[in-house]
Every structure is written in structure tokens, then in C-alpha cells.
Amino acid sequence: MKCTPLPLLLCAVFLLSGCGMNTKLDSLTMTLTLGLDVTDDGKLLMYSSSPVFNKDAKEHTEVIEVDASSLREGRYKVDLFASGRTVGGKIQNVVIGKKLVQQKELLSFLDVLYRDPKNSTTALLIIYDGPVKELIESKQKDKPRLAVAIKDLITTTALDKQTVKTNLLDFHRTLFEKGCMPFASEMAMKNGKMTVKGVALFNNKGKYVTSLSSKESAFLQLLRNEIKPAIPFTLRTSALTGNGKKENISVSLEHGKVRYQTRYRNDRFQFHIHIDAGTIITEEVVNVDMRKKQKQLEKMIAKEIENKTKALIKTFQKHEIDPIGFGLYARAYEYRKWKKVENDWGKAFAAADISVSAKVNIISYGVIN
Amino acid sequence: MVTTRYQHNEITIFQYVFFIVGAQIGIGILSLPAEVAKGSGTDGWIAIIMGGMLSIIASVVIINIMEQHPEDTIFDLLPRYFGKWLGKLFSLAFSVYAALAATTVVFTAIHLVQVWILPQTSNYWIMILFMIPGFLAARNGVRILGRYAEIVFYMTLWMPILIALPTKDGHLLHLLPVIKEGWLPIIKTVKMTILSFLGFELAFVLYPFLKEKHLAKKGIIIANVISLSAFVFVTIVSFIFYSPDEITQYVWPTLSLLKTIEFPFMERFEIIFLAAYLFVLSTTGVPYIFTAAFGISHVLDQVDHVRVLVVGVGMYIVVAFLYNPSFSDLQTFSEWWGKTGTLVGYFFPIGLWLYMKIYQRLRGGKPL
Amino acid sequence: MNKQTIPLRIPSSLADVEAVIQTTWGETPDLVVCRLQVKQMHKDVLLMYLDSLADKNSINNNVLQPLLFEKHHATNVEDIAILIGQKKYTKLWPDIETAIFQGESVLFIDGEQKALILDTQGWPQRAIAEPQVESSLKGAHQGFIETSGKNIALIRRYLPNRELKIKELTVGRRGKTKVAILYLEDVAHPEVLQELEDRIRNIDVDAVVNTGELMQLIEDNPFSPFPQFLLTERPDAAVSNLLQGRIAIIVDRSPSVMIAPMSFISFFQTVDDYSTRWMIATFLRLLRPLAFFIAIFLPSLYIAAISFHYELLPLNLILTVGESREQVPLPPILEAILMELAIEMLREAGLRLPAPIGQTVGIVGGVVIGQAAVQAGLVSNIMVVVVAITAIGSFIIPNPDMSESVRLIRFPMMIVSSLFGIVGMAIGLMILVVHLACLESLGTPFGSPFAPVRFRDWKDTVVRFPLWAMRNRPLSARPIQLKRQTKTRK
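The listed protein sequences correspond, in order, to chains A, B and C.
Under the working numbering, the first residue of the first sequence carries the number 22, and numbering increases by one thereafter.
Under the working numbering, the first residue of the second sequence carries the number 4, and numbering increases by one thereafter.
Under the working numbering, the first residue of the third sequence carries the number 135, and numbering increases by one thereafter.
If you want it as C-alpha cells, here you go:
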């Protein structure tokens, strides 16, 4: 059996040239952080921060600000300023001014990021409390490039559960999921340094509703059964010393199971959450013999978890938002009832009965008594 | 050993299985999860299983037909039963169907590449690029195609692992409750899955080349089961990852799924995946191109199919210069492939089988 | 040359013989013709040989001495005592010519119509030495040399077996090269053998100087970038291939032995694989195909990534690459081709130069490419790393022919990836796979055991199972006797 002269054919291809536009990496203006904000008179502002590779340039980062009616239009306007072709394939963070999300529904602005497959959907979605310009033009001398610094900050903070890590795709998923509502991390500027503020919560239309503090964030993630690697929190109590003085105890929730029970009774949904947690005592300020009071201590921590999570759920119900995803359980186990309320899940969730019970088991006290 | 017409082009049972699997798994799988979700939500996978059952039945009928004339391809068999001219007409129709399938696959592949990887490259360059390996493989006949399908199958075994990775961020709850709206929407969805299972009808051409003919039935069932499990796997993974309300937003949910995978050394796996997926697409397109060329050369009484193939490949390139189908054109193509495929893959074998039975009864119970 | 008509038969009188020699061998200063009287028969004889090709010691001791001093009386020609085992009689003049050019000496006897051809060959030859190209850590240190008889001897030492058959053919009108085909009769497939023999017999050329030439004359697809037969200078490699049912072709005057039929993956195996322990051998077996892919695809992947798919790279890598490429004036494809060509030239320069100068070339190349080019801003650091890894990858491939094809395939791959990015690479790989699937070596599939897939062969290709677990010969050479050993371990 014969084969065609392979090299000849290959050569034929190479003689044909001039196809496709080269996107040479070093001549691109690669937007790493995309900012969106509104002015006081309702104009949309778009910021693009991209790295500069030229050694002659003083600044490593190029920031471009344009006003635009949409992201796509903004991209073209950015091109007027940028030295290379603007591309969004490597966007690391999308920072959105709080003012914008309070006024407008977010999805329409982000559409292009989802529609064009060249764009990255793993960029972090961050709500910024304040004018976005302030963050994007800030120069942090002790930090790497802005895009890297923001991403690292959110990633490490999310690891110890003080905020959440939401990327564009997560946002899209929760936004379209009728039984779960989106949330994103929130940042702010404090004394000229950027810090993580907590979690921003949205309704099903992608409009900002309220925020959680970084402490509440831990319990949101506990309720969402996102325990790994560990959820640390500190509680103040007077139960151990018995002298009425409140003392701090830090606990790290290492592993656990969160079980959800779903029922539909009395024209409303009923959810019961049972948390079964194993914890480590990471810090105790008061000096008592823990061994003797282990049972008491376990009960106390359980009580604390119950109180905190119940309070959190109350907040959610008050605002008619469900970032935990009870809707998923409602759909899975009470499909007919769910079908009736699925387009207005927020209201049905607010009317639901939700109870929490917790059981805590102390695994270890650390290496000193 | 009995000498047969196609003795020097024999394929093993594995090559036969992977040939059919290769022809079945192609463009359908990329959009299948979204399509069945439109029809019956997260119960779509049940519809896929039912579609698979149908294709197994049709495949077995095909093998039943072919068993009666183990030396014949469909192009030899049709003139036998319908006379020279009517037989040629049917053969031509089969070839045109194969050409339609090949065209759909090739243009969809070009469209995918243009949308996901090379937005600025003109379609005719990509067409020329695709046609080189396509021509090299198709000109050599069934044995090389069998070897190629086999090696590509093993080369692409890593893909399901990659697809399964994003499930860690998904919810199994999405799948519940099973059969939420009753059976009716599921049964209605079955017809959407037909396009994905097409490919088994190539057994009409493949059968005489098979070395171990007694395994033909078992082989084609295994092939259908492999494809079926691939479809169900991808669909369930997509359902777990995307919420049922969201998945219909995507045209190609399988590819969007891969965008989230990041390794420390490489990100955006959908680009790598799609480039590697071109291999899978080639095992769909090339057999159809071959079948079309092979069939037409039979109709024209040519011994060698290469001349027809050269003309065909040339035509593809010329067409690509003149015409760049839009996405809606491609959907029309797929629809037509689905419609004619239903005819060729399901109704035609059953009709032919009945016709042959009657014909043989009239002739006194003996096969020709 | 043929100005005079040469008689077909040998004239019986010595004078006539001398006359013929005079006319036909006019300008041959190394031709020795001496007339002497044989004591045994009291007849005049004429001894003729080529001074340069014959062994003078052998002529003196084994021919001249008995002829001149032996007192025993011989009645006819067959009885003449000569201390040489191989003697032939001929009546035809062309035989005489062939014999003389083979280094044999010819004895014409007065009054006889036949002449005696005596095996006194003794041309200049090299001692058996360590193989130069394929050195080995644990294998034997004997390599083939330029004499086919010696080479056959080297193989026979490993296979003292009647089943080892040798077929001798002559190739080339002018060169008359002796080609020996060695095979194990009960293992090698007769169809394959027949095909090989037919192909060699069909050759019609002036001369075959080297085994490499013979290989190109008989290979299945001359348009393939891959070698379809193996050339080796190691007897142990040849023997292990013979044992797998392949055929060895020894070309006289050439130190490499050709093995056929071959499969693609066998170019990635060495004799050392079998003498190292199986885990290490397996690791090396996996490393080499990896090196193959790196050597072909790494530069094109790099080009594709930085000119089309920057999204593939993680952010940190993008920043590094961007900074290192920032001052490079050339587009990635030219940068890559420049560096690859530099490496190829260095390699070619080092290959032909004497060892001491070769080292200088290495230093110059290392310094110029490694340091100066980057500092001058002609190429980027990362490109140097990529090119270096690629070069190392191609060095790992044990067979020089395969290594060369890899170096060649790399260039089209780079160009196609600079035009079509990763899609171009995928299509390039697709063409390679299709090509390997339809390529054959002496009618056996070249892609085996991958195309067609034969899992039973994978234990001695992709990995290397322990020796006691490999009871069958690989299928790729189509052996007719499959089983090669029984259980040696429980």
C-alpha cells in the first residue's frame, strides 16, 4: 500500500501564507483587571489595567479609563488609548463599584464576558465599596502587580473563610439557578490599603441587596457545606470561668457534615439543618482545665454555631434572598410545590420555617494543655 | 480461508467497533446536554438511553440484512435486489446521504474552530488544512480507517477524565427528582438524540470487511453501548455542573464546562481539548467522506474510489472558498442530517429487511 | 574498457594466457604474474594475483612453498598439493577476472584448459572495535566491520544454530556487492523473506557502496520522513532482532547491518533495555517517546502559545514570557527557526570536525547562543530554553536515523503552528498518525502495535515487562513461531 508524498503535501501548506491575525503576546494590551463603575449622573465608567512589558516605560501597569454604554463599546474606546490590541482572555478580576450594582442589574453589563469564548470566565468577581478608580489606580508599593495582588488577597482570604471566592462562571450559575442566589466578595480601601470587607449578596436579578461581614462569611460557608479546609471563628463566652467575665476562645472547624431535611407542611417549606462538626481549639485566653469541661465546652460551641447561623438565616429571609441554595433541596424533594413558587423563590424562602441544630465534637486542644 | 473480494482490506473486530464508535461520537456530543435539557430538563439522560436502545435495534437489523450476503457492501447488495438502475439510484441516495453527513461534520468543525480558537482565520484555510489528513486517511480504504479509528480511540481516552474534573464544583441535587414531569417529555426528547447516534448505519459498508463475521452483532451492540455511555456520561456531568435553568443558555455546554479547568502550568483547557477533539471529529467525518466516495465510485463502476475522492475533496475546498455557512445554516444542515439519518438509519433497514424477506419468499425461500 | 575481445574460455597454452593478460590487464601495476615450474608435475605454471588485495604471506607459505619444494609426485591437476582449503576450478575467463578482483589468486597450468582459483584474500581491513554511533553501557563492545564474512561470524557466535540461514545475493553491475540475508528459518515469515529477496534482486544499479544506499533502494515508501529499516552496527542488536523473527541484511564493505521489517516503536529501543532491570528499562522506554513528542512539538507549542493562544499560559508565565520577549525584534516563528537552525548547524559542524576542534565549536556555540544572543536582544531567554530542551529530546532517541527524521519534522510543525496555532499542530499530528497507520515495512504494518493496536506487544514496547514474563515474540515482525520460552519462574 502506498502513501501520498507526505512532505510534499506539508510543503504545499506552508507555501500558502497570510492567514489569520497574529496575536503576538508581547504586543497585546492584556486587560488583567477590569473595572466598572457609574458616575453620579449615571454614566458607565470602564477601567482597564494591563501590564506593560517595555523596559523603557516607568510604570509596569497601564490604566485606561473610558466612559461607555456597554463593555464592548468600552473595549473599542480602550483601544483608542492602548498601544496594543486590547484582549480580555486573561482577565483576572472584574471589580464592580457598589454604586453600580445598587442601581442596575449586573448581568447585562457582563454579557460580553460570557458570550465571547475568548474571554476568561474564571476571573474573580469583586464588589468594591467606593469609587473603583481609587482601587484601580492605587499603587501598592509592598505588593506585586495590582491584578495579582487583588487575586492573591481574595484567594487567601477565602481560604480562611472570611470572604467567598466567586468567579464569573459561579456568578452566572447562581444567577440563572432559580433556587440559589448569587454572592461575591467585597473589598474596600482602608488607610490607603486595600482590604477585604466581606460578602456582597444579590437577588435573582443580579441586583445588590446587602452585605455580610467577614465574620458572617464563615457561617454562610458552613451553611453551604463548604467546610474544607477549615472554618475558624472566635467566640466570647463567660460560661467557662463562672465569674461572669467574658473570655475569648478560638475554634477551628476542621471537618463536619451538614445535613438538610426538606418538607412541605402548612403551605410552606420547612428546612432543618443539622450540623455535625469536629473542631480544634486553636486559642484559649482563659485558663481552665478543658479536659474536665469538655462536654460543657462542646455544647457551648454548638450553641454558638446555632445562634450565629440562625441569625444569618433571619437576615436572608428578611431580604428574601437565598445564597445557601435551599431552593435546590426544595426542587429535588418537593418538586410539585417548588414548581409553583420557582419564579418567586425569594418570597417563598422568606416564608419558610428553618431550624438549625448543631453537634460539636472536640478533636484536639493543640500541643499544650 | 475463503478468498473474498475485500480480503486485502480486512479489519479486526476491535477496529470495526471503534470505527462505528468513532463515527457516532462527533459533533452531537458537544451540544447534546443543552438540547436534551431543553426537551426534558435533567431527565434528558433517560431519553439518551432510550435513543441508544433504538439505535441498537436498528443496528441489529442492519447486521441481519448484511449477514445474508457476507461479501456485499450495501452498494453491491442494492443492485442485487432492485435491479441495476433502481439499485444504482438507491446507492446514489445512500452516498448523497453520507456526503451530507460529511459536509455537516466538516463545516461544523470549521465553525467550532473559528468560534473557539481561530476567530480571524478564513474558513477555506481551515478547510484545506482539514482536507489533507482527511484525504490521506480516506484514500487508503477501510483497513487504514479502522486502524486510525482504533488508535484515535485510545488516544482520546484521557478526555472523559478531563470532562469529569469540574463535577467537584457541581451539585448532584440537580439530577433530582428523576422523571419530574412524567414520561411524555422524555419520549418527545428521544428524537433529538437520533442525530448523535447516527454512524451505526456505516455497518452497511463495513460489514464485508470484517474478519470475524460471527462477532458482528455483538460488536455493533458494544459500539452502540460505548457511544451511549459516552453520551450519558457527558450529559450527566453537564447536568451536575450546570443548574437545570442555566444549561439551556449554552450552545456547547461541554466546551464551556472545560473553560474552568486550570492547572498551574496551563489554563483554558477548552482550547487544548477542542484541538484534540478534532481527532474525534475526524473519525466521524472521514468515514462518511470515504463512504460517499466509495458509493459514488460503485455507481460509476469505478474500481478505485480515489478519483472520486479527489474530485470530492476539491469540491469541498472550492465550496469553502465561495460559502461560509452561518450558525443557523449549520443548524439547518444538522436538522437535515437528522431527518435523512432517521430515514437511512432506522426506516431504510427495516424496510429493506421486510422487502428482502418478501422477495426471498417469492423466490422460494432462498437468499440470492 | 572492452577494446579487445576477451576469450570466453581459457587457452591451454601458457603463452596464449600471457598474451591475453597482456592485452586485457594493460595498465595494472599491482597485478603480479609470475611463471614458475612446479616440481610435483614438472610443468610450467602461471600464478597471477592482485598485489593489493591478496595476502602475500598466504601466497608465500601456502602456495609458492608447496609448488616449488614439495617432492610428492602429482599426476593430474587435482592432485597438486597446495595448503589452501578453498580451491575452485574454472574454465571460463570471466570467473578469473571476478576472482582476481576478489583478492584470490589464479594458477594457470601449462596444457590444461582449467585454472585453479585459490582463496588468498587479504585486503586491508580494520580490527573489530567498539561501535562508534551506538555505544552501550552493558552490551558487548564488538561492532561490525567492513568485511561481510567477519560480520557473519560475529552473528554466528551468538546463534550457534542450524536454523540460522544465510542467502547470498550480488547487487550492482559494476560494484558486485555481496549481500547476505540472515534469518532464522523457523521464526521468520517466508512471505516477508520472499518480498525482501525480490526487492533486492530487482535492484539494477552501478554499485551499492553502503548499506544506507541499499536501504533506500528497497524501502516501502521513499516519501516518508521515517526510516523503515534499522541500520545497526551492533551484533547483539542484530541478533536480538533475528530472534524476534526479523531479517538481517549484511552488505559487504559496509559496517552497518540492516534489519527488516521494522516497526516505529522499535527505533526507540536499545539492547541495553534488556540488560538493565525491568523497572529502569520501563522508565526509559516511557521517557523516549516523551522525548520524541517534545522534540517534535515543543517549539511549535511555544510558537502557538505566544502567537495565538496566550490564554493557555497562566498569568505568571505570561508576565515572564512577555518581559523576556519584549525587546526581541523577530516574530516568534523566525526567532524559533533562527535558533533551531543555529543548533542544527552546530551539530553538523561538530559531527564532521576532528574531536579537538569539535569541542571548540561546542564552546563557541554554547556561549554565542546561550549568552550573547539573549543579551543582544536577538532572541528571548525562554526560546533558548525551549530550543535546548528540544535538542536534548532529539538526542535521547537512540536511533540516529529516527533522530534525524524528528529534527526534520520539527520544522514543518513549527511553520504550521505559526500559521494556524494549536489547530495546525493537531492537524500535523493527525497527518503523522494517518501516515504511521498506512506506512508499511516490507509489507508489515509500521505502526504496530499502535496502529493496528496489539496489546500483547505492548509489554515489550511501551513498557518492558520482566524478561520471564515475555513468553512470546512480538507480533509486529509476523514470526511464524510465536512462543520463545516457557515458564522460568513460578
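In this text, a Cβ means the ideal position worked out from N, Cα and C, and glycines have one as well.
Residue j beta carbon less than 8 Å from that of residue i
i: L434 (chain C); j: M564 (chain C); result: According to the sequence provided, residue 434 (chain C) is Ser. The question's Leu does not apply to it. No, the Cβ-Cβ distance between S434 (chain C) and M564 (chain C) is not below 8 Å.
i: L424 (chain C); j: D535 (chain C); result: no
i: S71 (chain A); j: E83 (chain A); result: yes
i: A439 (chain C); j: T524 (chain C); result: no
i: N114 (chain A); j: A168 (chain A); result: yes
i: Y151 (chain B); j: A560 (chain C); result: no
i: K199 (chain A); j: E363 (chain A); result: yes
i: K312 (chain C); j: D253 (chain C); result: no
i: Q23 (chain B); j: A226 (chain B); result: Here the sequence assigns Ile to residue 23 (chain B), which means Gln is not the residue at that position. Yes.
i: E367 (chain C); j: G277 (chain C); result: yes
i: Y100 (chain B); j: T287 (chain B); result: no
i: I315 (chain C); j: I383 (chain C); result: yes
i: Y444 (chain C); j: G110 (chain A); result: yes
i: I251 (chain C); j: T224 (chain C); result: yes
i: I322 (chain A); j: T300 (chain A); result: yes
Residue i burial status per 10 Å Cβ neighbour count (16 or more: buried)
i: A141 (chain B); result: buried
i: R136 (chain A); result: exposed
i: D407 (chain C); result: buried
i: P36 (chain B); result: buried
i: W263 (chain B); result: Note that residue 263 (chain B) corresponds to Thr in the displayed sequence, not to Trp. Buried: at least 16 other Cβ atoms inside 10 Å.
i: H207 (chain C); result: exposed
i: F330 (chain B); result: exposed
i: G42 (chain B); result: buried
i: K218 (chain A); result: buried
i: R260 (chain C); result: exposed
i: R312 (chain A); result: exposed
i: F340 (chain B); result: Strictly speaking, residue 340 (chain B) in this sequence is Trp, with Phe absent from that position. Classification of W340 (chain B): buried, given that the 10 Å Cβ count is 16 or more.
i: T50 (chain A); result: buried
i: W128 (chain B); result: buried
Beta-ladder partner(s) of residue i, from DSSP
i: Y183 (chain C); result: C:V166
i: Y223 (chain C); result: C:L250
i: D374 (chain A); result: A:Q291
i: I383 (chain A); result: A:T300
i: P11 (chain A); result: Limits of chain A in this structure are 22 at one end and 390 at the other, which puts residue 11 (chain A) out of reach.
i: Y151 (chain B); result: Answer is none; Y151 (chain B) lacks a bridge partner.
i: L66 (chain A); result: A:D58 and A:D88
i: R143 (chain C); result: C:L226
i: G118 (chain A); result: A:Y149
i: N188 (chain A); result: A:L145
Give the list of continuous alpha helix (DSSP H) stretches no shorter than 4 residues that lie fully inside the region 50-110 of chain B. 77-85
At a CB distance below 8 Å, what residues from the region 181-209 of chain B approach chain A? Give them in sequence order. K183
At a Cβ cut of 8 Å, what residues of the region 116-140 of chain B count as close to chain A, listed as they run along the chain? V118, W119, L121, P122, Q123, T124, S125, W128, I131, L132, I135, F138 and L139
If you measure beta-carbon to beta-carbon, which residues of the region 256-273 of chain B are closer than 8 Å to chain A? L258, S259, K262, T263, E265, E270, R271 and E273
Identify every run of the alpha helix (DSSP H) within the region 281-330 of chain C, keeping only runs that are complete inside it and at least 4 residues long; order them along the chain. 282-292
Please list the residues of the region 275-289 of chain B that have a C-beta atom closer than 8 Å to any C-beta atom in chain C, keeping them in chain order. I275, A278, A279, L281, F282 and S285
Can you give me, in chain order, the residues of the region 74-86 of chain A that have a beta carbon less than 8 Å from any beta carbon in chain C? F74, N75 and K76
What residues in the region 143-157 of chain B bring their beta carbon closer than 8 Å to a beta carbon of chain C? N143, I147, G149, R150, Y151, E153, I154, V155 and Y157
Closer than 7 Å, Cβ to any Cβ of chain C: which residues of the region 15-31 of chain B, in chain order? T15, F17 and Q18
Short-range partners of chain B found in the region 349-379 of chain A, where Cβ spacing is below 8 Å: L349, Y350, R352, A353, Y354 and Y356
Proximal residues, the region 154-180 of chain A versus chain C, C-beta separation under 9 Å: R166, A168, V169 and K172
Output, in sequence order along the chain, the residues in the region 43-64 of chain A whose CB is closer than 8 Å to any CB in chain C. N43, T44, K45, L46, D47, L49, M51 and L53
When Cβ atoms are compared, which residues of the region 439-451 of chain C fall closer than 7 Å to chain A? I440, S441, F442, Y444, E445 and L449
Whole alpha helix (DSSP H) elements within the region 459-512 of chain C, 4-residue minimum: 466-486 and 489-501
Interfacial residues, the region 234-249 of chain A to chain B, with Cβ spacing under 8 Å: none
Segments assigned beta strand (DSSP E), at least 3 residues, entirely inside the region 182-256 of chain A: 204-211, 214-223 and 229-234
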